[in-house]
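Enquirer: Residue numbers (the numbering used here), protein chains in the order written: chain A, 1 to 455; chain B, 1001 to 1455. For every residue, glycine included, the Cβ atom is placed at its ideal position computed from N, Cα and C. Have a look at this one.
There are 2 protein chains.
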Amino acid sequence: MSDTIKYVLPENRIPETWYNIVADLPSPPPPVLHPGTGQPIGPNDLAPLFPMALIGQEVSTDPAIEIPGPVREIYRQWRPTALHRARRLERALDTPARIYYKYEGVSPAGSHKPNTAVAQAFYNKEAGITRISTETGAGQWGSALAFAGALFGLEIEVYMVRVSFEQKPYRRSMMESFGARCVPSPSEETAAGRAILAERPDSPGSLGIAISEAVEVAATRDDTNYALGSVLNHVLLHQTVVGQEAMVQFEMADDYPDILIGCTGGGSNFAGLAFPFLGEKLRGGREVRLIAVEPTACPTLTRGKYAYDFGDTAHLTPLVKMHTLGSTFVPPGFHAGGLRYHGMAPLISHAHDLGLLEARAYNQTECFEAGVALARAEGILPAPEANHAVKAAIDEALRCKEEGTARTILFNLCGHGHFDMQAYTDYFAGKLVDQTYDEAELAMALAGLPSVAAG
Amino acid sequence: MSDTIKYVLPENRIPETWYNIVADLPSPPPPVLHPGTGQPIGPNDLAPLFPMALIGQEVSTDPAIEIPGPVREIYRQWRPTALHRARRLERALDTPARIYYKYEGVSPAGSHKPNTAVAQAFYNKEAGITRISTETGAGQWGSALAFAGALFGLEIEVYMVRVSFEQKPYRRSMMESFGARCVPSPSEETAAGRAILAERPDSPGSLGIAISEAVEVAATRDDTNYALGSVLNHVLLHQTVVGQEAMVQFEMADDYPDILIGCTGGGSNFAGLAFPFLGEKLRGGREVRLIAVEPTACPTLTRGKYAYDFGDTAHLTPLVKMHTLGSTFVPPGFHAGGLRYHGMAPLISHAHDLGLLEARAYNQTECFEAGVALARAEGILPAPEANHAVKAAIDEALRCKEEGTARTILFNLCGHGHFDMQAYTDYFAGKLVDQTYDEAELAMALAGLPSVAAG
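Dropping the structure here:
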């Protein structure tokens, strides 16, 4: 029998703390601003939406934040996730590269999202909250929060981007199986949704719009808080269990990644994998290249501005400095619904600005081609989002082949594609086309950035 | 933090041999007969369909058969699977019972089926075969063989029972992702399919019909062998990795099951879990109750006859003694497509005849209710087939509560339901009804059993 192909850790090696990159960054990220005053917001400004424990994590500069016992208890159902060596993919590519992936699709909801959903549900429950509203793109996040809500007895209401709601009807059934309610967005249930529909009745929706609806509900109901599945500091923080586990698993493998790859919509799966390694490098440890991969049709890091902007379309959120395409930008309805966000996590945007990571964009058909190559070699059908990471990993492995260098590549296989099979069906039928945004619309959205963004 | 909830074994604890229950049964199973002569068949009779290595396993009386290195190598991607303690389900039921499940849904194809698919693909490849034809019900087996075929470079052709093909269109996309071809059965591609369609153009299909089509293709093409996903001795043999792992995991848990539960269509997931424990008992080890669970709408063990019958509808297979509803019986189109087989594994039928296991039947809506209860407690959406095992486990746990006894219950959570979400959607919409067969049709099918069945 040949070498190990799967590095498995026992339950007691689940990290005891989340890792906070802010502690190791050479400069702190710019503050979040109040849209009225232009001044940095305080904890109380966020209190209508989030429990104080999460607000504390959002602004913390501590390097390590303890994971509560009940959260680790639930993590143990599927964590630590295995680190896989993709030996069959390596052979199929005939590359000298060593390709590894961390597979988060084994979680109950099928992606990395439960890592933060469980934590957020826990802190809300502790704070006496009984109801959480949220948005979801492809449905990975909505399913994860629905799962977490079922465990803590919380009512969950999910605004699902309409184009994904229609593309992936079974995601709704999954959320309902967990007891959640799922509403296509824009909806008639909120002022934000009604305003969008009045202007464009056939709106495919966007994460920015769905966030507006969910935030509005939370802001106007005392029993309801809001939860976000990516972007925010505390969300990225919770995902660092992924990278921390991978670091221990690379010790077992007696190897270390030269290149780290993740897809980026809001940025949490990429950050979860990469930040622990980046922190190690920033503390004087080993060099590592970070590659964030996004869709050409929603190119936040590669075409957006690094500027202050709203997190949502209706401008209900504070202003955060991030790479953004403009909060009114509505990307076309491509299949990687989790990557259709106009902004990027402030921490990733800041790290990009500091030159600590690279970004690149791919079209969806080339990503599906990569996903099918992975499926035929490794037997796992990735989510369309994850296909972006697979594509970059394959490209890097082929570059190793050309150059005759044996680099170690690690990518985050952040979720399975079992609820995205219409996309694969369309791909095989030759019906999947690369989509693009309207350049004029992008220019207008960028021109509409709030004026504080000059800073 | 509370006690362990997940028992994980390292890669090197994957069993090195498959366990053959035949070695420990008090009497050998009745021989397989040639339908023409009524005499026991020899290896050469099966050679047009199977490689000699599998034929050898089919008739072996050795207690342990070595798992080839390349097969274990592939098993290592997802095996050993975890043994889970369902503490949240226990709390939800408020039962003193200890409920465990072995979760096979983590395999690439989403069920236990790759355990035998990989082995069968390996032996066929070794024998120089380039093409395998097979049948599939719900699609779990077809996906598994498609996956295995991709790994060994074999062409895979899957005849999928038409009602499931229509209920679960994304299973087809999954098989195509792995490079297989999927045909709804009955089809115009075979004489067997054409004969059925001539008589009943709207036939929903059955496993018996799909087997006829796949066997016909294998029998008439030199480059093509046939593979079966359940029923046969060698298939049950390959699944014993499940139960063998569970035995080691119960040692870790310092516990032992009083009750073993699995759903039964052809019988392989139930046998895979239960036979290693049954063997232990037969060798003088601990007592354990075995419960095989089947659908009321296809009640092979609870309403069928233990008699010689054909494995397929067109009578292309040899005669095997098994519990059967008659090879012409076409069950209604309920959602647990993997349980719609007229027969039962000869080894399970024999064990049942020897009084070594119990059988019970449930309707589909009560099984979905149980599945949703599991989803809300454990976060895993089971396949409709697995819901039958969940229902029985919950019933046994509730009986423990009534009686105030703390029994240990182990069930096989043999697959996830990600490709069965239309069934959950229908269930939530109140559209799922319990189906039943026509009593007259069953009587006719039973009356048509071949005359050798007198024996």
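1) Could you name the residues of the segment 3-28 of chain A whose beta carbon sits closer than 7 Å to any beta carbon of chain B, in the order they occur along the chain?
2) With a 10 Å radius around its C-beta and 16 neighbouring C-beta atoms as the bar for buried, classify B/M1444 as buried or exposed.
3) Do A/A192 and A/E157 have their beta-carbon atoms positioned less than 7 Å apart in this structure?
4) Can you look up A/L25 in the DSSP assignment and give me helix, strand or coil?
5) Is the segment 110-122 of chain A touching the segment 257-264 of chain A in the sense that three or more CB pairs, one from each, lie closer than 8 Å?
6) Please check the pair B/A1359 and B/H1352, which I expect to be a contact at CB under 8 Å, by giving their CB distance rounded to whole angstroms.
7) Assuming the contact rule is C-beta atoms closer than 8 Å, A/Y159 and A/A214 should be a hit. Round their C-beta distance to whole Å, please.
8) List the whole-angstrom C-beta distance separating A/F178 from A/A146, where the pair is believed to meet the contact cut-off of C-beta under 8 Å.
9) Which same chain residues, not among the five before or five after B/A1454, have their C-beta less than 7 Å away from its C-beta?
10) According to the neighbour-count rule (16 or more other Cβ atoms, all chains shown, within 10 Å of its Cβ), is A/A370 buried or exposed?
11) Between the C-alpha atoms of A/M1 and B/S1027, what's the straight-line distance to the nearest angstrom?
12) Between B/A1393 and B/I1380, is the Cβ-Cβ spacing less than 7 Å?
13) Our contact map puts B/M1322 next to B/D1309 with C-beta atoms below 8 Å; I'd like the distance itself, whole angstroms only.
14) What are the partner residues of A/G262, as DSSP defines its beta bridges?
15) Where does the unbroken alpha helix (DSSP H) through B/V1118 begin, and where does it stop?
16) Name, going along the chain, the residues of the segment 1246-1262 of chain B whose beta-carbon falls closer than 9 Å to a beta-carbon of chain A.
17) Looking at chain B, which residues of the segment 376-405 of chain A have a Cβ within less than 9 Å of any of its Cβ atoms?
18) How is A/M1 classed by DSSP in three states: helix, strand or coil?
19) In chain order, what residues of the segment 1069-1080 of chain B put their CB closer than 7 Å to some CB of chain A?
20) For B/I1209 and A/P108, what's the separation of their Cα atoms in angstroms?
21) State the CB to CB distance for the pair B/Y1075 and B/I1014, rounded to an integer number of angstroms; the pair is presumed to be in contact (CB under 8 Å).
22) Check the C-beta distance from A/Q167 over to A/H335 and give it rounded, since I have them as a contact under 8 Å.
23) Could you check whether the Cβ of A/Y103 sits closer than 7 Å to any Cβ belonging to chain B?
24) Within the chosen definition, does the segment 261-280 of chain A reach the segment 226-245 of chain A through at least 3 CB pairs nearer than 8 Å?
25) Have a look at the DSSP bridge pairing and note the partners of A/R91.
26) Taking 7 Å as the threshold (C-beta atoms), are A/M344 and A/L301 in contact?
27) List the residues of chain B whose Cβ lies closer than 7 Å to the Cβ of A/Y424, in chain order.
28) Could you check where the alpha helix (DSSP H) with A/H352 kicks off and where it finishes?
29) According to DSSP, what are the bridge partners of B/N1012?
30) Based on Cα-Cα distance, which residue from B/P1070, B/I1099, B/P1186 and B/K1431 lies nearest to B/E1126?
31) Would you say B/F1122 faces chain A, with C-beta separation under 7 Å as the test?
32) I'd like to know if B/F1411 contacts chain A, where contact means its C-beta is closer than 7 Å to some C-beta of that chain.
33) Show which residues of chain A have a CB atom less than 8 Å away from the CB atom of B/R1088.
34) Assuming A/G233 and A/C414 are in contact, meaning their beta carbons sit under 8 Å apart, how far apart are those beta carbons, in whole angstroms?
35) Residues of chain B with CB under 7 Å from A/H418, in chain order?
36) Going along the chain, which residues of its own chain have a beta-carbon closer than 7 Å to the beta-carbon of A/S164, five neighbours each way excluded?
Expert: Let's see:
1) Cβ contacts with chain B: T4, I5, K6, V8, P10 and E11.
2) exposed
3) No. Outside cutoff.
4) coil
5) no
6) 6 Å
7) 5 Å
8) Right, their Cβ atoms sit about 4 Å apart.
9) Any answer about B/A1454 is weak, because its pLDDT of 43 lies below 50 and its placement is not dependable; what the coordinates show is given next. Taken in chain order, the list of residues that qualify is empty.
10) Buried, because 16 or more other Cβ atoms sit within 10 Å of the Cβ of A/A370.
11) Only weak support is given to the placement of A/M1: the predicted model assigns it a pLDDT of 38, under 50, and the value that follows is read from those uncertain coordinates. Their Cα atoms are separated by approximately 37 Å.
12) no
13) 6 Å
14) A/A292
15) P1114 to E1126 is the span of the alpha helix (DSSP H), which, as asked, contains B/V1118.
16) none
17) R376, A377, E378, G379, I380 and L381
18) Legend: pLDDT at A/M1 = 38, less than 50; position of this residue unreliable, value from coordinates given subsequently. It is coil, neither helix nor strand.
19) G1069, R1072, E1073, R1076 and Q1077
20) 35 Å
21) Right, their Cβ atoms sit about 5 Å apart.
22) 7 Å
23) It does not: the Cβ of A/Y103 has no partner Cβ on chain B nearer than 7 Å.
24) Because the criterion of three Cβ pairs below 8 Å is met, the segment 261-280 of chain A and the segment 226-245 of chain A touch.
25) DSSP output for A/R91 lists no bridge partner at all.
26) yes
27) S1173 and S1177
28) In the DSSP assignment, A/H352 falls within the alpha helix (DSSP H) that extends over P346 to D353.
29) According to DSSP, which records beta bridges pairwise, B/N1012 is partnered with nothing at all.
30) B/P1070
31) No, B/F1122 does not count as interfacial toward chain A.
32) False, the Cβ-Cβ gap to chain A never drops below 7 Å.
33) L151
34) The sequence shown places Asn at residue 233 of chain A, not Gly. In fact, because the Cβ distance is near 19 Å, the residues do not count as touching under 8 Å.
35) Here the neighbours are H1418 and F1419.
36) Cβ neighbours of A/S164 beyond the five flanking positions: G137, A138, G139 and G337.
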